[in-house]
Amino acid sequence: MTPSGAAPQARRAPNLIGTAAPQIGVGMPVYNGEPYLTGALASVLGQRDADFELVIADNCSTDATEEICREAARNDPRVRYLRRERNVGVIANYNRIVQETRGEYFSFATADDEYRQDRLALLSAALRDHPEASVAFSASEEIDAEGRRLGFWRTAAATDAPRPSQRLRAKLRHYDECLHLYGLIRRSALSRALPLARVLAGDRVMIAELVLIGPFVLVDEPLLRHRNHAASDSQRYDVRAWRRREMPDEDHRFFLPNVEEGRALLRAVRNAPLSRGERLLCYPAMWPWLRRNAVPMARNVAHVGIDLARGRRRPAEGETVRS
Numbered sequence: 001m002t003p004s005g006a007a008p009q010a011r012r013a014p015n016l017i018g019t020a021a022p023q024i025g026v027g028m029p030v031y032n033g034e035p036y037l038t039g040a041l042a043s044v045l046g047q048r049d050a051d052f053e054l055v056i057a058d059n060c061s062t063d064a065t066e067e068i069c070r071e072a073a074r075n076d077p078r079v080r081y082l083r084r085e086r087n088v089g090v091i092a093n094y095n096r097i098v099q100e101t102r103g104e105y106f107s108f109a110t111a112d113d114e115y116r117q118d119r120l121a122l123l124s125a126a127l128r129d130h131p132e133a134s135v136a137f138s139a140s141e142e143i144d145a146e147g148r149r150l151g152f153w154r155t156a157a158a159t160d161a162p163r164p165s166q167r168l169r170a171k172l173r174h175y176d177e178c179l180h181l182y183g184l185i186r187r188s189a190l191s192r193a194l195p196l197a198r199v200l201a202g203d204r205v206m207i208a209e210l211v212l213i214g215p216f217v218l219v220d221e222p223l224l225r226h227r228n229h230a231a232s233d234s235q236r237y238d239v240r241a242w243r244r245r246e247m248p249d250e251d252h253r254f255f256l257p258n259v260e261e262g263r264a265l266l267r268a269v270r271n272a273p274l275s276r277g278e279r280l281l282c283y284p285a286m287w288p289w290l291r292r293n294a295v296p297m298a299r300n301v302a303h304v305g306i307d308l309a310r311g312r313r314r315p316a317e318g319e320t321v322r323s
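In structure tokens:
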């Protein structure tokens, strides 16, 4: 009870109707991000000369993530903290957070990376200067768990080529590069590419979709410090853990990860705003991906056939999936 005897009112989420939208929406999906979260939040909130909001989507963390995020939201009006009622999986959390932010531009943020203070300002300037671009991204400094420098990343893919088919081929030749997704994305382009495909390499498929919609512009400075550590990679290629988390209700006898990835790429080509001629050129442009995945796709189908013949579900332990 309050001193006046009246019951305290429950704290409501802020009403954003009628408030001016920021230029940039930053979305930070997080699950058990405690080890590096404080530093990641400080580097986002320390951005200079940028009009942005930060929305944090907590996927039912069980560590101190909630306390850290609520403290940040109390101390900075640019922060909104949302906690899921249940763990919805990584892909659904990423898809939802885009809708929960506002702004002409959008950026995914992670709970373990760090950002140079002029990152958002430089990336937004690049998109303003290149209205045809769908994404502005930067070079990256690779760091370890303690923040020690491991190396430097600069894209090898010609994602600024003039034709969509050229950009697609270039990206599929360097398919494992996925830091483009953590650049600054024009929301109109991102809306066309959503939802993030529920496939093992959904981030790479999304990058392929965005590169079909418009060229990427590079700010050739290390505006991102990308952290490589054991926890970030522990489930990335663990097929069983991924399937259990993202597809809990699916019949796993029909789990064809490489085949589904190929279908998602074909859908991206089909749905992109391309001329008929350019769309036709995109199909042979998929050859780098097909060459790499032909054998894994055949194995997917063979395993499913064997398991159906044996009348049992397929255990995914030990399975290696190439992307």
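When we follow full-length UniProt numbering, the leftmost residue of the sequence shown carries the number 1, and every step to the right adds one.
C-beta: ideal position from N, C-alpha, C; glycine also.
Owing to the predicted nature of the structure, the values given are computational and were not obtained by experimental measurement.
Residues near residue i in its chain [Cβ-Cβ closer than 6 Å; skip 5 each side]
i           : result
residue 49  : 121
residue 46  : 117
residue 209 : 193 and 268
residue 57  : 29, 82, 93 and 97
residue 261 : 199 and 201
residue 245 : 89
residue 87  : 59 and 60
residue 173 : 288
Where residue i falls, given that 16 or more other Cβ within 10 Å makes a residue buried
i           : result
residue 265 : buried
residue 305 : exposed
residue 152 : exposed
residue 77  : exposed
residue 126 : buried
residue 132 : exposed
residue 25  : buried
residue 140 : buried
residue 110 : buried
residue 53  : buried
residue 19  : exposed
residue 156 : exposed
residue 119 : buried
residue 289 : buried
residue 273 : exposed
residue 301 : exposed
residue 40  : buried
residue 310 : exposed
residue 293 : buried
residue 154 : exposed
residue 13  : Bear in mind that the predicted position of residue 13 carries a pLDDT of just 42, short of 50, making it unreliable; the figure below should be weighed with that in mind. Counting Cβ neighbours within 10 Å, residue 13 comes out exposed, since fewer than 16 surround it.
residue 72  : buried
residue 204 : buried
Residues of its chain near residue i, where Cβ-Cβ distance is below 8 Å and the 5 sequence neighbours each way are ignored
i           : result
residue 166 : 158 and 285
residue 34  : 61, 63, 64, 65 and 68
residue 183 : 107, 123, 135, 136, 137, 138 and 216
residue 144 : 150, 227, 228 and 229
residue 221 : 116, 122, 138 and 139
Cβ-Cβ separation, residue j to residue i (assumed contact under 8 Å), whole Å
i           : j           : result
residue 97  : residue 27  : 4 Å
residue 189 : residue 214 : 6 Å
residue 112 : residue 36  : 4 Å
residue 191 : residue 114 : Actually they are not in contact, since the Cβ atoms of residue 191 and residue 114 sit about 28 Å apart, beyond 8 Å.
residue 103 : residue 22  : 5 Å
residue 80  : residue 59  : Actually they are not in contact, since the Cβ atoms of residue 80 and residue 59 sit about 15 Å apart, beyond 8 Å.
residue 179 : residue 224 : 7 Å
residue 255 : residue 243 : 6 Å
Sequence-distant residues of the same chain with beta carbon closer than 7 Å to residue i, five excluded per side
i           : result
residue 281 : 165
residue 196 : 91, 94, 95, 202 and 206
residue 105 : 23, 24, 124, 127, 184, 185, 186 and 187
residue 170 : 157, 158, 159 and 161
residue 234 : Interpretation of residue 234 is limited by its pLDDT of 43, a score under 50 that renders its predicted location unreliable; the figure taken from the coordinates is listed afterwards. Closer than 7 Å at Cβ, skipping near neighbours: no residue.
residue 211 : 159, 167, 168 and 171
residue 70  : 81
Opening and closing residue of the beta strand (DSSP E) in which residue i lies
i           : result
residue 303 : Counting along the chain, residue 303 falls outside any beta strand (DSSP E), though it belongs to the alpha helix (DSSP H) covering 287-310.
residue 221 : 216-227
residue 81  : 79-83
residue 190 : Here residue 190 belongs to no beta strand (DSSP E); instead the alpha helix (DSSP H) covers 187-193.
residue 105 : 105-108
residue 150 : 149-153
Three-state secondary structure assigned by DSSP to residue i
i           : result
residue 61  : coil
residue 43  : helix
residue 267 : helix
residue 115 : strand
residue 255 : coil
residue 29  : strand
residue 260 : helix
residue 239 : helix
residue 280 : helix
residue 177 : coil
residue 124 : helix
residue 146 : coil
residue 37  : helix
residue 234 : A caution first: residue 234 carries a pLDDT of 43, below 50, which makes its placement in the model unreliable, though a value can still be read off. Here residue 234 sits in coil by DSSP.
Range of the contiguous alpha helix (DSSP H) that encloses residue i
i           : result
residue 134 : From DSSP, residue 134 is part of no alpha helix (DSSP H); its letter is neither H nor E.
residue 212 : 202-213
residue 95  : 90-99
residue 165 : 164-173
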